[in-house]
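Visitor: Residue numbers (UniProt numbering): 1 to 217. Beta carbons are placed, not taken as given, at the ideal position from N, Cα and C, and that holds for glycine.
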């Protein structure tokens, strides 16, 4: 009789490497490890049926924040928030250079080697209180199947982490990106406040902008 599969042991073995799925790739793995495969009998969400040719697929609202007509932008935000609950923004003011630098820095971190003395080993943690940490699947021990994904987690507000807590390769780019996104967030809170018929500073006055988490996969 085949012995029972000890999934927890495999999870702990992956965790002990402190290098996640990138470490598996670097080790030369050629077959998807069992912890990443959906177990037999576990429900897998089915994709929605395709729209009939005569039906128009729903379209997420897209709002250009750079529009000169402030009232029109506020009206668009009000409508999207009421009907959809979310929307995509363009003309958001976050510089292309800042986004490219952040993306490149994160890619460099993930593609770098792990092992003793590396940033990955230093930051690998499942401690909830840590503002900067790296791990493979935050719910690794709770989910029935692991995702093929590693994450650099950054809690940038309300209390920014010490600069030395961030990986050397990411520090400057991610602090700059976080600041740009914070500015965008403040703009969105102003627009949402006005869409509710309140003064533009209302949501920031009640500190709705006092939190920022960046997940870098």
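(1) According to DSSP, simplified to helix, strand and coil, what is residue 92?
(2) Count the other CB atoms, across all protein chains shown, that sit within 10 Å of the CB of residue 104; report buried if there are 16 or more and exposed otherwise.
(3) What did DSSP end up calling residue 21 once you bin it into helix, strand or coil?
(4) According to the Cβ coordinates, are residue 106 and residue 87 closer than 8 angstroms?
(5) Give the DSSP bridge partners of residue 133, in chain order.
(6) Please report the straight-line C-alpha distance between residue 155 and residue 208, rounded to a whole angstrom.
(7) Are the beta-carbon atoms of residue 157 and residue 74 separated by less than 8 angstroms?
(8) Per the DSSP calculation, residue 124 is bridged to which residue(s)?
(9) Please confirm if the segment 107-120 is in contact with the segment 12-22, defined as three or more CB-CB distances below 8 angstroms between the two stretches.
(10) Whole angstroms is fine: what's the gap from residue 170's alpha carbon to residue 97's?
(11) Given a cut-off of 8 angstroms on the beta-carbon distance, is the pair residue 82 and residue 63 in contact?
(12) Distance check for residue 102 and residue 174, CA to CA, integer angstroms please.
(13) When the Cα atoms are used, what is the spatial distance from residue 58 to residue 204?
(14) Here's the rule I'm using: 16 or more other beta-carbon atoms within 10 Å means buried, otherwise exposed. How should residue 206 be labelled?
(15) Of the residues 200, 177, 178, which one's Cα is nearest the Cα of residue 187?
(16) By DSSP, does residue 206 sit in helix, in strand, or in coil?
(17) Among all the DSSP beta bridges, which residues are the ones paired with residue 62?
(18) Apart from the five residues on each side of it in sequence, which residues of its chain come closer than 8 angstroms, Cβ to Cβ, to residue 11?
(19) What is the DSSP secondary structure of residue 198, reduced to helix, strand or coil?
(20) Where do the N-terminal and C-terminal ends of the beta strand (DSSP E) with residue 212 fall, by residue?
(21) What does the alpha-carbon distance come out to for the pair residue 184 and residue 214?
Guide: So, from the data block:
(1) Residue state, collapsed to three classes: coil.
(2) By the neighbour-count rule (16 or more Cβ atoms within 10 Å), residue 104 is not buried but exposed.
(3) When secondary structure is reduced to three states using DSSP, residue 21 falls in the helix class.
(4) Contact annotation: residue 106 and residue 87 have beta-carbon atoms that are not nearer than 8 angstroms.
(5) Looking at the DSSP output, residue 133 sits in a beta bridge with 153.
(6) Looking at the two C-alpha atoms, the distance is approximately 15 angstroms.
(7) Not closer than 8 angstroms, so no.
(8) DSSP lists 134 as partners of residue 124.
(9) Yes, the segment 107-120 touches the segment 12-22.
(10) If you take the alpha carbons of residue 170 and residue 97, they lie about 14 angstroms apart.
(11) With respect to the 8 angstroms criterion, residue 82 and residue 63 are not classified as neighbours on the basis of their beta carbons.
(12) Using only the alpha carbons, I get a separation of about 6 angstroms.
(13) Straight-line measurement puts the Cα of residue 204 at about 32 angstroms from the Cα of residue 58.
(14) Per the 10 Å Cβ criterion, exposed.
(15) Residue 187 has its Cα closest to that of 200, out of 200, 177, 178.
(16) Coil, per DSSP.
(17) Note: residue 62 sits in a beta bridge opposite 88.
(18) The residues are 35, 140, 141, 146.
(19) In the three-state DSSP reduction, residue 198 falls in the coil class, being neither helix nor strand.
(20) Membership of residue 212 in the beta strand (DSSP E) is indicated by the continuous run 212-216.
(21) Rounded to the nearest angstrom, the two C-alpha atoms are 14 angstroms apart.
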